[in-house]
Amino acid sequence: MHPRLLKTFLAVARSRNITRAAEMVHLAQSSVSDQVQSLEAELGAVLFTRSKSGLELTPAGLALRPIAEELLRLDGEARAAVQAASGQTSGVLTIGALETIASARLAPWLPGFQASHPDIAVRMKVTDSGTLLRQLEDGDIDVAFCFNRRDVPNGGADQRFARQTIAAEPLVLIAAPGQNLVPCDLAALAAKRFVATEPGCIYRHMFDTAFAEAGIGASGFAAEVGSIGAIARLVAAGAGLGLVPRLAVSDAVQRGELIELPWPGRAQVAPLTMIWRRRRVQPPALRHLLAAARDTLAPPHSGTGSGSESANRSKALFPNNSGKAVVS
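Counting from 1 along the sequence shown, just add 6 to a position and that's the residue number in my numbering.
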C-alpha cells in the first residue's frame with residue numbers, strides 16, 4: 007500500500023466527501039476517486055459506502071483506518087531517521103497559527119529563520135485553535151502556534167502531542183481615544199460594555215477567565231465578533247471596551263487609534279504555546295524550527311510593563327518552566 011494512497015484514503019475518511027478530500031490532499035476530485043478505487047482493488051474490499059450525510063466507512067474501511075494512520079506515522083519516522091543519520095537538514099515544513107500570532111509574531115520572525123536555514127521551506131496556514139489541532143492530528147501541519155488554556159492542566163494535552171510555552175503574552179484593556187475611564191475595581195469594570203469574540207473561542211475564554219478568577223461576570227456585550235481585528239476596530243469606533251492580547255493591538259495603540267487602560271485586577275497573560283506531534287525521531291528541519299522558536303520567538307517588551315515585570319509575570323504563571331523545549 008503506497009503512502010500516497012493511504013493519505014488520500016484518510017482524507018476521504020475524515021472529510022466524508024471527495025471534494026473536501028481533494029482540497030486537503032491538493033488533488034483533482036477524479037484523482038482522489040481513482041486512488042480510492044486503486045486501494046480498494048489492491049485490498050479486494052470496498053472501503054466506503056454512500057449515505058445521505060456523505061461517505062461512510064465500511065467495516066473494511068474502519069479496520070483499515072487506524073492501521074493506515076500508524077503506517078503513515080512510521081513512514082514519516084523512517085524518513086526522519088534516514089535524514090538524521092545522513093545529516094540532511096532540508097525539508098518542507100507547514101506551520102499553523104492563530105491570525106494574531108501569525109501576523110504579529112511569526113511574520114516578522116520567519117524571514118530571519120529562513121535566512122539562517124535556506125534549505126528549509128516554510129508554509130503557513132492561519133485558522134482557529136480547534137482547526138489547528140485537527141490539522142496537527144491529521145498531519146496537515148507540522149507545528150501549531152496558539153494560546154494555551156490555563157484552566158486545563160497541560161492545555162488538555164493529548165499524549166500524542168508535545169507542547170512548549172515560549173512566552174507569556176500580556177492581555178491589555180483597550181478603549182477608544184478620549185475615554186478617560188480609570189476603572190477602580192473589577193466589579194465596576196464588569197458593568198461596562200465590552201466587545202468580545204464568540205463563546206468557544208480561545209480569546210473569549212481569556213476574557214471570561216479574567217473576570218471569573220475574581221468571582222465576577224461581565225454584565226453584557228456591545229458586540230460578539232469573530233476576530234481580534236474586528237474587536238480593535240469596533241473599540242476604536244467607541245462601541246465598547248476590549249480585553250485582548252497586547253500583540254494584537256500594539257501597532258494600533260502606537261498609532262493612537264486605541265488607548266491602553268490599567269487593568270484593576272491581577273495581571274492577565276496568555277501562554278503562547280507551540281504544539282507538535284511526538285515522534286521517536288523528529289525530522290531535522292522541524293527540530294531546527296522548534297529550537298529556533300524556543301530560543302528567539304519571544305515578544306518584545308512593550309506597553310506599560312518593563313522587561314523585569316514581564317519576566318516576573320512569566321515566572322508567576324510558569325514557575326516550573328525551565329525555558330528549554332523537550333523535543334519528543
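All C-beta atoms, glycine included, are put in the ideal place defined by N, C-alpha and C.
Checklist entry - If you draw a straight line from the C-alpha of F2 to the C-alpha of L12, how long is it? => result Look at the range of the chain in this structure, 7 to 334, and you will see that residue 2 is not part of it.
Item to check | S312 in three-state terms, based on DSSP | outcome: Against the sequence shown, residue 312 aligns to sequence position 306. Low local confidence applies: a pLDDT of 37 at S312 is under 50, so the model's placement there is unreliable, with the coordinate-based value given in what follows. Residue state for S312 is assigned as coil, using DSSP reduced to three classes.
Item to check | Pick from G67, D81, M130, T106 that is closest to R256, judged by C-alpha positions | outcome: Here residue 256 refers to the residue found at position 250 when the sequence shown is read from its first residue. The residue you asked about is not Arg; residue 256 is Ser in the sequence shown. Its Cα nearest to that of S256, the residue T106 stands out among G67, D81, M130, T106.
Item to check | Contacting residues, own chain, Cβ-Cβ under 7 Å from V287 (five flanking each side not counted) | outcome: The count along the sequence shown starts at 1 and reaches residue 287 at position 281. Hits under 7 Å: E83, A86, A87, A90.
Next on the checklist: The beta strand (DSSP E) that contains W115, what's its start and end?
Outcome noted: On the sequence shown, residue 115 is found 109 positions in, with the first residue counted as 1. Careful: W115 lies outside any beta strand (DSSP E), inside the alpha helix (DSSP H) at 113 to 122.
Checklist entry - Which class does T14 belong to by DSSP, given the choice of helix, strand or coil? => result Working through the sequence shown from its first residue, we reach residue 14 at position 8. DSSP places T14 in the helix class (H, G or I) of the three-state scheme.
Checklist entry - When you compare each of A273, L295, P290 to I281 by their alpha carbons, which one comes out closest? => result On the sequence shown, residue 281 is found 275 positions in, with the first residue counted as 1. Checking every option, the nearest Cα to that of I281 belongs to L295.
Item to check | Beta-carbon gap between G248 and I237 smaller than 8 Å | outcome: Here residue 248 refers to the residue found at position 242 of the sequence shown. Here residue 237 refers to the residue found at position 231 of the sequence shown. For the pair G248 and I237, the CB atoms are nearer than the 8 Å cut-off.
Item to check | Best match in A276, T100, A127 for proximity to Q141 [C-alpha to C-alpha] | outcome: Looking up residue 141 in the sequence shown gives position 135. From the listed residues A276, T100, A127, the smallest Cα separation to Q141 is found for T100.
Item to check | Range covered by the alpha helix (DSSP H) that runs through S256 | outcome: Here residue 256 is taken as the residue at index 250 of the sequence shown, counted from 1. It spans 252 to 260 - the alpha helix (DSSP H) in which S256 sits, taken as one unbroken run.
Checklist entry - Got a sec, what are the start and stop residues for the alpha helix (DSSP H) E29 sits in? => result Against the sequence shown, residue 29 aligns to sequence position 23. E29 -> alpha helix (DSSP H) spans 24 to 31.
Checklist entry - With DSSP run on the structure shown, which of helix, strand or coil describes E62? => result As a working mapping, residue 62 is identified with position 56 in the sequence shown. In the structure shown, E62 sits in a strand (DSSP, three-state: E or B).
Checklist entry - Given a threshold of 16 other Cβ atoms within 10 Å of its Cβ, counted over all protein chains shown, does H211 qualify as buried or as exposed? => result To locate residue 211, count along the sequence shown from 1; it is residue 205. Buried.
Item to check | C-alpha gap between E76 and A150, whole angstroms | outcome: Mapped onto the sequence shown, residue 76 falls at position 70. Mapped onto the sequence shown, residue 150 falls at position 144. Near 21 Å, if we compare the C-alpha coordinates of A150 and E76.
Checklist entry - How many Å lie between V259 and T137 at the Cα? => result In the sequence shown, residue 259 corresponds to position 253, counting from 1. In the sequence shown, residue 137 corresponds to position 131, counting from 1. The alpha-carbon atoms of V259 and T137 are separated by roughly 30 Å.
Checklist entry - Per DSSP, E175 is paired with what? => result Position 169 of the sequence shown, counted from the start, is the residue given in the question as residue 175. Note: E175 sits in a beta bridge opposite A276.
Next on the checklist: Nearest by alpha-carbon distance to P251: which of A245, R10, A276, K198 is it?
Outcome noted: Locating residue 251 in the sequence shown gives position 245, counting from the first residue. Of all alpha-carbon atoms in A245, R10, A276, K198, the one lying nearest the alpha-carbon of P251 is that of A276.
Checklist entry - How long is the line joining the alpha carbons of A51 and A34, rounded to whole angstroms? => result Walking along the sequence shown from the start, residue 51 turns up at place 45. Walking along the sequence shown from the start, residue 34 turns up at place 28. Taken atom to atom, the span from the alpha-carbon of A51 to that of A34 is near 23 Å.
Checklist entry - Do you know offhand how far E175's Cα is from A194's? => result Locating residue 175 in the sequence shown gives position 169, where the first residue counts as 1. Locating residue 194 in the sequence shown gives position 188, where the first residue counts as 1. Within the model, the alpha-carbon separation for E175 versus A194 is close to 25 Å.
Item to check | L264 in three-state terms, based on DSSP | outcome: Start at 1 with the first residue of the sequence shown, and residue 264 comes out as number 258. DSSP places L264 in coil when its eight states are reduced to three.
Next on the checklist: Taking its Cβ as the centre, do 16 or more other Cβ atoms sit within 10 Å of L68, making it buried, or is it exposed?
Outcome noted: Taking the sequence shown and counting its residues from 1, the one referred to as residue 68 is at position 62. Its Cβ having fewer than 16 others within 10 Å, L68 is exposed.
Checklist entry - By how many angstroms is the C-alpha of Q185 removed from the C-alpha of V178? => result Position 172 of the sequence shown, counted from the start, is the residue given in the question as residue 178. Position 179 of the sequence shown, counted from the start, is the residue given in the question as residue 185. C-alpha of V178 to C-alpha of Q185: approximately 15 Å in a straight line.
Item to check | Test item: CB-CB of L278 and T171 under 8 Å | outcome: In the sequence shown, residue 278 corresponds to position 272, counting from 1. In the sequence shown, residue 171 corresponds to position 165, counting from 1. T171 is positioned such that its CB atom lies closer than 8 Å to that of L278.
Next on the checklist: Based on DSSP bridge pairs, tell me the residues matched to G226.
Outcome noted: Along the sequence shown, read from residue 1 onward, the residue named residue 226 stands at position 220. G226 is bridged to R199.
Next on the checklist: For a test of the three-state rule: what should DSSP assign to S57, helix, strand or coil?
Outcome noted: As a working mapping, residue 57 is identified with position 51 in the sequence shown. Residue state, collapsed to three classes: strand.
Item to check | Beta-carbon proximity list for S44, same chain, < 7 Å, skipping 5 on both sides | outcome: Here residue 44 refers to the residue found at position 38 when the sequence shown is read from its first residue. Hits under 7 Å: L11.
Checklist entry - By the 10 Å Cβ neighbour count, where 16 or more other Cβ atoms means buried, how is C190 classified, buried or exposed? => result Locating residue 190 in the sequence shown gives position 184, counting from the first residue. The residue is exposed, with fewer than 16 neighbouring Cβ atoms inside 10 Å.
Next on the checklist: Quick check on L138: does DSSP put it in helix, strand or coil?
Outcome noted: Here residue 138 refers to the residue found at position 132 when the sequence shown is read from its first residue. L138 sits in a helix when the DSSP states are folded into three classes.
Item to check | Separation of P9 from A110, as counted between CA atoms | outcome: Here residue 110 is taken as the residue at index 104 of the sequence shown, counted from 1. Here residue 9 is taken as the residue at index 3 of the sequence shown, counted from 1. Cα to Cα, the separation comes out at about 36 Å.
Item to check | Selection from I180, A273, A297, Q274 that minimises the alpha carbon distance to G244 | outcome: Working through the sequence shown from its first residue, we reach residue 244 at position 238. Across the set I180, A273, A297, Q274, the C-alpha of I180 shows the shortest separation from the C-alpha of G244.
Item to check | Chain-order list of residues whose beta-carbon lies under 8 Å from that of I147 (same chain, five-residue window excluded) | outcome: Counting from 1 along the sequence shown, the entry for residue 147 is found at position 141. Taking I147 as the centre and dropping the five residues before and after it, the same chain places the C-beta of T100, I101, G102, K131, L138, Q141 closer than 8 Å to its C-beta, in chain order.
Checklist entry - From what residue to what residue does the alpha helix (DSSP H) around T302 run? => result Residue 302 sits at position 296 when you count from the first residue of the sequence shown. That run of the alpha helix (DSSP H) goes 290 to 302.
Next on the checklist: Let's see if you can read the secondary structure: which residues bound the alpha helix (DSSP H) around I147?
Outcome noted: By one-based count along the sequence shown, residue 147 stands at place 141. Under the DSSP assignment, I147 falls outside any alpha helix (DSSP H); it carries neither an H nor an E label.
Next on the checklist: Are the CB atoms of S96 and D125 within a distance shorter than 8 Å?
Outcome noted: Position 119 of the sequence shown, counting from 1, holds the residue named residue 125. Position 90 of the sequence shown, counting from 1, holds the residue named residue 96. In contact: D125 and S96 (Cβ atoms closer than 8 Å).
Checklist entry - Just how far apart, CA to CA, sit F119 and L112? => result To locate residue 119, count along the sequence shown from 1; it is residue 113. To locate residue 112, count along the sequence shown from 1; it is residue 106. Going from the Cα of F119 to the Cα of L112 covers about 10 Å.
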